[in-house]
Structures are given as structure tokens and as C-alpha cells.
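Remarks on the structure that follows.
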Amino acid sequence: MTSPKSNPLANIDWAYLEFYVGNAKQAARFYSTAFGFEQIAYCGPETGVRGRASYLLEQNRLRFVLTTSLQPDDDVAKHVALHGDGIKDIAILVEDARAAHDAAVAAGARSVLPPTSLRDEFGTIVKATIATYGDTVHSFIQRDGYGGVFLPGFIEQRKASGAVAKAGLQAIDHCVGNVGWGEMDGWGEFYAKAFGFSQLVSFDDKDISTEYSALKSKVMSDERHRVKFPINEPAQGKKKSQIEEYLDFYRGPGVQHVAIATDDIIETVKALQANGVEFQDTPDTYYDALESRVGQIDEATKTLRDLRILVDRDDLGYMLQIFTKPLQDRPTLFFEIIQRKGSLSFGKGNFKALFVSIEMDQARRGNL
Ligand code: FE2
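Numbering of the sequence shown is given in our numbering, commencing with residue 34 and proceeding in unit increments.
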């Protein structure tokens, strides 16, 4: 029997997301100027790291690492050649990296990096990594009072954001994986066994379908609802599901979107628009029925309509959300901006509006 105390993943949080990209220097400037991140730290040949370079970007509780290869054929270069720019590592902050790793491996996870102590003059970090869907991995990070700016190997190297408007992005809310046909339940079980997560909610193709395309989704979460992993798989529709389009272009399972929390979505969306971020459009008719669907809310419908922000409600409250266009040329990874006002919802009531919008883009790309 596993009691909450004996679960090494009971008291966890997001550590960072590591992106593998074709040009980390330029990607760092894109995420800084468009989304308001500051550059905090760097590692590369100048810091004694051979063959690759990484930039740490930070904003409130968000940490993104952008890593590129300086070689034609190492793991990073091969990952980028196959998948394009994407998220490699969803790293989790844990109290005991060895216990988290060993428990996950005992539950069937594949070890990528056994528990390893990384040291410099600021102290020690213990890092261990396991594989999840596709080529995506989870590192367990144990900081143990480490006093450095990020991880051993990185040096502090600060560059201001360069964004024209302050984005106010706060923290990761959830991180969504797309997996192949019939694979969703297996990956749900993986997070139940290897992480001790439980299922928060699930949707089937009756909930999430348009005339053309369908998907199934379930959300796995830690007990504090801090770290949430929705998992999508395609479902049969008249035409190609947007999940299939992702799988075709990413060449397999991977991270579809990262939802980033803000305390004021209206100000955040205005700022991101001023910084040049492009969002999915929403059919105008969505706003005609908004009040009757979600009831009384604090925000004016006209403002939400102007900014194309979506609203969904559950028994606990409501939430506001909007989705960006893909962040690279392949129609793969995108961001969601979310503000929760009590609700634990993942926007079930908005999937249809989002899908109609994505399908219009899919048709423009010739992939519907
Ligand atoms: Fe989401």
C-alpha cells in the first residue's frame, strides 16, 4: 500500500521546461520579446560545456531552458532534425530525486539518467531522468539548498526582456501530451503507477468533436493539483484530427501545449498582442451565447469578444483561456494562457470553438 507520505512525488512542483531548438540564441530572443521572459543564465563552450548551448529564461515562477546543438549528429541535433523545435524535458522539482526515480523505474518507467549529483561552488543538485511518451523525458530535480542561479554548469548572464509590454505570466498550469491512437489509457496508467497521480477528469470523442475532427483526453494530476498532465489521443472523425496533424509533423508523440497562468488575462493578452504574439481566432458566434452558457462573470463580454478570450465554468467557478498559434513553423507546440477564477476546468466547453479555429488553419495548411 502506498500512503501519501511514502510517495516520493507527493510534494512536487514544476522545475523547468527544456526546449530543444535549432537556434537557441534566436529562440531565446523570441520568447523574451514576445512573451516577456528575462534571460538569467547561460551554459555553453564558454562555461566548459562542449557541443551545446543553453539559455535559461525566467518570468515569475516560469523557467524555460532553450538548448541547441553545435554539432550535426548528437542527441540534441537528431531530436531537432526529427521533431523540429519542441519540448524535450518536463522537469519536476522533488524532495528526493533518487526515491522519485527509483519508484518510477520500479513501476515500469525507463531510466534515461540514473540519480546523479551535479556540483559546483554553490552546492549540489541531484538530477535523475526517466522517459515518457515519444522522445519526451521527465527530469527529477532535487535542489537541496543549492545556492547557484540554476544548475551547475550554468553561469549567471542576465538580459532584460526587450518586450514592449509586461506579460504578467506567472506559472505553468498544465502541460499537455499528444500520444498515438489508442495510447491515452496506457499513458494515464503510467502516470498513476510511476508518479502516483490520479485522474482528475476525462473527455471522450462525444465531448470533443466537431463535424470533422475528434479527440479523447484525460487529465492526470498530483494530489495537490500543482502538476497536471492532460493526455490526448486522436479519435475518428470525418477528416484528419488535429492530434493526427501534430503527430505527423512532430513525427510521434510529444508536448502539444503548455498552459501558462496569469492573474489578469485581459492585460496579459493585450500585452502579448502588443509584443506580436498571434492567437487562434474564435468564431464570432461564440460570444453571442456566452452569458447564457457561463452565467454572471466579472469581465465584460465586449472585452472578451474583442480579445477573443474563451470562458468555461464548472461547479467551483470559472476560467478564462486563449490559445496561441503554433510557436514554430511546424504546426506542433503552442501555448495556452489561462486565468482561473475557482474553476478546475480544462475548457471542455471551449474545445469545439478552439477546434473550429484550428481546423480553419489546418485547411489553410492543406492538412484537413
Ligand atoms: Fe489546456
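Every residue, glycine too, gets a C-beta built ideally from N, C-alpha and C.
Quantities reported herein were computed from a predicted structural model and do not represent experimental measurements.
- Of all alpha-carbon atoms in Ala110, Ser87, Arg94 and Asp107, the one lying nearest the alpha-carbon of Thr100 is that of Ser87.
- Remark: the C-beta of Ala292 is in contact range of ligand 1, defined as less than 7 Å to any heavy atom.
- Cβ neighbours of Ile330 within its own chain (closer than 7 Å, five residues either side excluded): Val344 and Tyr351.
- Beyond the five residues adjoining it in sequence on each side, Glu91 comes within less than 7 Å, by CB distance, of Phe70, Glu71 and Ile73 in the same chain, given in chain order.
- Within the same chain, Gly201 and Gln372 come within 8 Å of Asp297 by CB-CB distance, once the 5 residues on both sides are set aside.
- Per the DSSP secondary-structure output, Gln92 pairs in a beta bridge with Leu95.
- Ser150 is positioned such that its CB atom lies no closer than 8 Å to that of Thr162.
- Under the three-state reduction of DSSP, Ala60 is assigned to helix.
- Distance from the C-beta of His134 to the nearest heavy atom of ligand 1 is not below 7 Å.
- Distances from the CB of Gly380 to the heavy atoms of ligand 1 include at least one below 7 Å.
- Under the three-pair Cβ rule at 8 Å, the region 128-141 does not count as touching the region 113-120.
- For Phe379, no alpha helix (DSSP H) run applies, since DSSP gives it neither H nor E.
- For His290, the enclosing beta strand (DSSP E) covers residues Gly287 to Thr295.
- Straight across, the Cα-Cα distance linking Glu332 with Leu366 is about 29 Å.
- Here Leu233 carries a strand assignment [DSSP, helix/strand/coil].
- DSSP links Pro148 through a beta bridge to no other residue.
- Judged by the Cβ position, Glu266 fails to qualify as a neighbour of ligand 1 at the 7 Å threshold, every heavy atom of the ligand being at least this far.
- Lys249 is positioned such that its CB atom lies closer than 8 Å to that of Met217.
- In this structure Gly213 does not touch Pro147 by the C-beta definition: roughly 28 Å separates them, more than the 8 Å allowed.
- Taking a cut-off of 8 Å on C-beta distances, the region 374-392 touches the region 309-327, as three or more cross pairs fall below it.
- Taking 8 Å as the cut-off, the beta carbon of Glu256 is found closer than this to the beta carbon of Ala43.
- The residue among Asp168, Lys374, Leu360 and Glu154 with its C-alpha nearest the C-alpha of Val145 is Asp168.
- Spatial neighbours of Gly215 in its own chain (CB-CB distance under 8 Å, excluding positions within 5 residues in sequence) are listed in chain order as Glu266.
- A residue is called buried when at least 16 other Cβ atoms come within 10 angstroms of its Cβ; Ser325 does not meet this threshold and is exposed.
- Ligand 1 has no heavy atom closer than 7 Å to the beta-carbon of Val260.
- Residue pairing by DSSP places Ser87 opposite Cys76 and Thr100 in a beta bridge.
- Here Ala124 has Trp47, Ala48, Tyr49, Leu50, Glu51, His171, Ser172, Phe173 and Ile174 as same chain residues with Cβ atoms under 8 Å from its own Cβ, once five neighbours each way along the sequence are excluded.
- When only Cα atoms are considered, Ala67 and Ala198 end up about 9 Å apart.
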